[in-house]
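**Student:** Please see the structure below; I have some questions.
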Amino acid sequence: MKKSISSVEYAELSGLGIALLSLSQKENKTDQEVIVENWITQRMAQLKIETSN
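Here you go:
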């Protein structure tokens with residue numbers, strides 16, 4: 014059975030999504046921006062797994 018997503022998880026996903034969208038549209042990213050973009054992607058995947066269990 015799927016777990017309901019909490020308002021905190023929703024807020025985190027929303028913020029991460031906005032940040033990822035902003036970073037993904039940027040050209041000539043710094044190494045730090047690439048690291049952050051990868052971390053955001055991993056965190057969003059982790060949240061998806063947590064909320065689907």
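So that you can map any letter, position 22 of the sequence shown is 35 in our numbering, and since no number is skipped, the others follow by simple counting.
Here a beta-carbon is modelled for each residue, glycine too, at the ideal position from N, C-alpha and C.
Under a Cβ-count criterion, where at least 16 other Cβ atoms within 10 Å of its own Cβ denotes burial, should I53 be classed as buried or exposed?
**Tutor:** The residue you call residue 53 lines up with position 40 of the sequence shown. Buried: at least 16 other Cβ atoms inside 10 Å.
**Student:** Taking the straight line between their C-alpha atoms, what separation do you get for I62 and S17?
**Tutor:** Counted from its first residue, the sequence shown places residue 62 at position 49. Counted from its first residue, the sequence shown places residue 17 at position 4. Rounded to the nearest angstrom, the two C-alpha atoms are 12 angstroms apart.
**Student:** Over what stretch of residues does the alpha helix (DSSP H) that includes N51 continue unbroken?
**Tutor:** Position 38 of the sequence shown, counting from 1, holds the residue named residue 51. Residues 44-65.
**Student:** Would you mind giving the Cβ-Cβ distance between R56 and L29, rounded to the nearest angstrom? I have them listed as a contact below 8 angstroms.
**Tutor:** Position 43 of the sequence shown holds residue 56. Position 16 of the sequence shown holds residue 29. Contact flag correct, Cβ pair sits at about 6 angstroms.
**Student:** Over what stretch of residues does the alpha helix (DSSP H) that includes S35 continue unbroken?
**Tutor:** Sequence index remark: in the sequence shown, residue 35 carries index 22 (1-based). Start and end: 20-37.
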